[in-house]
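Undergrad: Supplied in structure tokens, the structure appears directly below.
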Amino acid sequence: MCVFSLTSCLSTYSSVRKLVKLSAVQFMLNNHTSEHFSFLGINNQSNLSDMRCRTTFYTALGRLLMVDLGEDEDQFEQFMLPLTAAFEAVAQMLSTNTFNEQEAKRTLVGLVRDLRGIAFAFNAKTSFMMLFDWIYPTYMPILQRAIELWYHDPACTTPVLKLMAELVHNRSQRLQFDVSSPNGILLFRETSKMITTYGNRILTLGEVPKEQVYGVKLKGVSVCFAMLKAVLSGNYVNFGVFRLYGDDALDNALQTFIKLLLSIPHSDLLDYPKLSQSFYSLLEVLTQDHMNFIASLEPHVVMYILSSISEGLTALDTMVCTGCCSSLDHIVTYLFKQLSRSTKKRPAPMATDDRFLHIMQQHPEMIQQMLSTVLNIIIFEDCRNQWSMSRPLLGLILLNEKYFADLRNSIVSSQPPEKQQAMHLCFENLMEGIERNLLTKNRDRFTQNLSVFRREVNDSMKNSTYGVNSNDMMS
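In this note's numbering, the protein residues as written are 20 to 494.
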């Protein structure tokens, strides 16, 4: 309770400035050991999950430390002495063939929870770089070894994975390396190694009972997805260098993501909120910046991803729905550009591009289904993210012009005779001034047209005694 009370007192910068002057706070900053704080010790009678308060405690200490830390590396090293000793103790235990496994686990879990709290608090470049240089490369092998040894124990692996996810999160642009520094690439290699190690090992567990699947498997997978998303979108790694120099770190991480994804039923992706958010956020980044990888996947994998997007479009979680709209927009934009290439004098597309186009041509019903879904949501439902919905809709229409015309005619003909002309005019106005391209100016005009379209259609259908319902439209 005292830990959370301390945290609540640090809500504003002015309160932190005042608190750090107190002798009691200075005592904590200089004496954060189990001798003075019993919950920092090893209690063999408690569960590993009981150590969660340590993250909160060290987040508070980290915020207090940052007030006067500046560039003082000596002060930082002094503060980190207890954690340095803990890491050295774990390293010593893991270096022997016979060691007390429970003691090693408890020491490590407590340590990584402490470090995650500090990493979360250090949101400035100077302080975070001190922490990064302290932990890498000296102690990173210990974290990797823990994942190798205890992958089957989520009470141990989840805190380690969460620490890594925090370390690669470029919050407030705190991860900025010098132009001559390879640390961004090296950090991604460590991230890739951890994801690959954990992913390949967790898949060896086989079938896990439904009531245990989240705790044993999906929670760790969710953290891996969040970790990969954070590092891919952190803007401190040039991913082009991996293929250029034959480094398989990027490919290993992405292939592990696919293997983990295919091991998860579609229903589970939406049943567990944290898994949903981490997966769809990662997918958004992949379709935006690594569409060539998506295009190179096997047909059954592409169909799995498209199906997950289709189901996510109707999710109750607005974040998931918005992410699906963005991912779908990136995919249809990619498709539209590839199809446009065939009509222009340009170099022949890569084999992966041809294969992706072939998959889409073999399964047009998937894109058509999503066109129906998006239009259905805009017309019939309380659309909370209309702008997001509008972005993929134009591409879907341009890729499926005949299907859209049939859909439009079906909606118009389902209206009362006296309202059919008005409904037809609504659709005409929707495409008024819209050109056959996906340039920003054209997209923006379509978004404006869609706002007017939705308002006019809703006004028309309010006065209608009957009309097309969403189920009819989806058929």
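Here a beta-carbon is modelled for each residue, glycine too, at the ideal position from N, C-alpha and C.
Leaving out five residues before and five after His285 in sequence, what residues of the same chain have Cβ atoms less than 7 Å from its Cβ?
TA: Counted from its first residue, the sequence shown places residue 285 at position 266. The beta carbon of His285 is closer than 7 Å to those of Ser326, Ser327, Glu330 in its chain, skipping five residues each way along the sequence.
Undergrad: Under a Cβ-count criterion, where at least 16 other Cβ atoms within 10 Å of its own Cβ denotes burial, should His377 be classed as buried or exposed?
TA: On the sequence shown, residue 377 is found 358 positions in, with the first residue counted as 1. Exposed, by the Cβ-count rule.
Undergrad: Which of the three DSSP states is assigned to Tyr299 in this structure?
TA: Residue mapping note: residue 299 aligns to position 280 of the sequence shown, counting from 1. Looking at Tyr299 - three-state DSSP - the assignment turns out to be helix.
Undergrad: Who are the near neighbours of Asp348 in its chain, counting only those whose CB is closer than 7 Å to its CB and skipping five residues on each side?
TA: Residue numbering aside, residue 348 sits at position 329 when the sequence shown is read from its first letter. Excluding residues within five positions, the ones whose Cβ falls inside 7 Å are Arg410, Pro411, Gly414.
Undergrad: Where does Tyr485 sit, in a helix, a strand or coil, going by DSSP?
TA: Within the sequence shown, the letter at position 466 stands for residue 485. In this prediction, Tyr485 scores a pLDDT of 46, lower than 50, which makes its location untrustworthy; no coordinate-derived value is stated.
Undergrad: Tell whether a beta-carbon distance below 7 Å holds between Val35 and Arg82.
TA: Along the sequence shown, one-based indexing puts residue 35 at 16. Along the sequence shown, one-based indexing puts residue 82 at 63. In contact: Val35 and Arg82 (Cβ atoms closer than 7 Å).
Undergrad: Near Leu180, what residues of its chain come up, given a Cβ to Cβ distance below 8 Å and the 5 sequence neighbours on each side ignored?
TA: Stepping through the sequence shown from its first residue, residue 180 is reached at position 161. Cβ within range, chain order: Ile166, Met213, Tyr217, Gly239, Val242, Cys243, Met246.
Undergrad: If we require 4 or more residues per run, which alpha helix (DSSP H) segments fall completely within the stretch 394-454?
TA: Listed in chain order, the alpha helix (DSSP H) elements of length 4 or more contained wholly in the stretch 394-454 are 405-418, 420-432, 436-449.
Undergrad: What residue range is occupied by the uninterrupted alpha helix (DSSP H) comprising Val11?
TA: Because the chain here runs from 20 to 494, residue 11 falls outside it and cannot be looked at.
Undergrad: Unbroken alpha helix (DSSP H) runs of length 4 or more, entirely within the stretch 249-307: which are they?
TA: 259-263, 268-281, 285-290
Undergrad: What is the C-beta distance between Leu102 and Leu80, in whole angstroms, given that I count them as a contact (C-beta under 8 Å)?
TA: Along the sequence shown, one-based indexing puts residue 102 at 83. Along the sequence shown, one-based indexing puts residue 80 at 61. With a Cβ gap of about 11 Å, Leu102 and Leu80 do not count as contacting.
Undergrad: Pick from Val232, Gln274, Ser346: whose alpha carbon is nearest that of Asp290?
TA: For this step, residue 290 is matched to residue 271 along the sequence shown. The option with the nearest alpha carbon to Asp290 is Val232.
Undergrad: Which two residues bound the contiguous alpha helix (DSSP H) that contains Glu209?
TA: The residue given as residue 209 occupies position 190 in the sequence shown. In the DSSP assignment, Glu209 falls within the alpha helix (DSSP H) that extends over 202-221.
Undergrad: Given a cut-off of 7 Å, decide if Thr75 and Phe139 are closer than it, judged by their beta-carbon atoms.
TA: The residue given as residue 139 occupies position 120 in the sequence shown. The residue given as residue 75 occupies position 56 in the sequence shown. In this structure, Thr75 does not lie closer than 7 Å to Phe139 by Cβ.
Undergrad: Alpha carbon to alpha carbon, what distance is there between Ser346 and Leu302?
TA: Your numbering for residue 302 matches position 283 in the sequence shown. Your numbering for residue 346 matches position 327 in the sequence shown. Using only the alpha carbons, I get a separation of about 7 Å.
Undergrad: How many angstroms separate the CA atom of Leu224 from the CA atom of Asp93?
TA: What you label residue 224 is simply residue 205 of the sequence shown in a count that begins at 1. What you label residue 93 is simply residue 74 of the sequence shown in a count that begins at 1. Taking the straight line joining both Cα atoms gives about 45 Å.
Undergrad: Between which residues of its own chain and Val250 is the CB-CB distance below 6 Å, once the five residues before and five after are set aside?
TA: As a working note, residue 250 is residue 231 in the sequence shown. Cβ neighbours of Val250 beyond the five flanking positions: Val187, Phe207, Thr210.
Undergrad: Whole-angstrom Cβ separation of Leu222 and Ile277, contact assumed at under 8 Å?
TA: By 1-based counting over the sequence shown, the position of residue 222 is 203. By 1-based counting over the sequence shown, the position of residue 277 is 258. About 12 Å separates the two Cβ atoms, so there is no contact after all.
Undergrad: Thr306: beta carbon under 6 Å from a heavy atom of the ligand COA?
TA: Among the ligands in the structure shown, none appear at all, so the ligand COA cannot be discussed.
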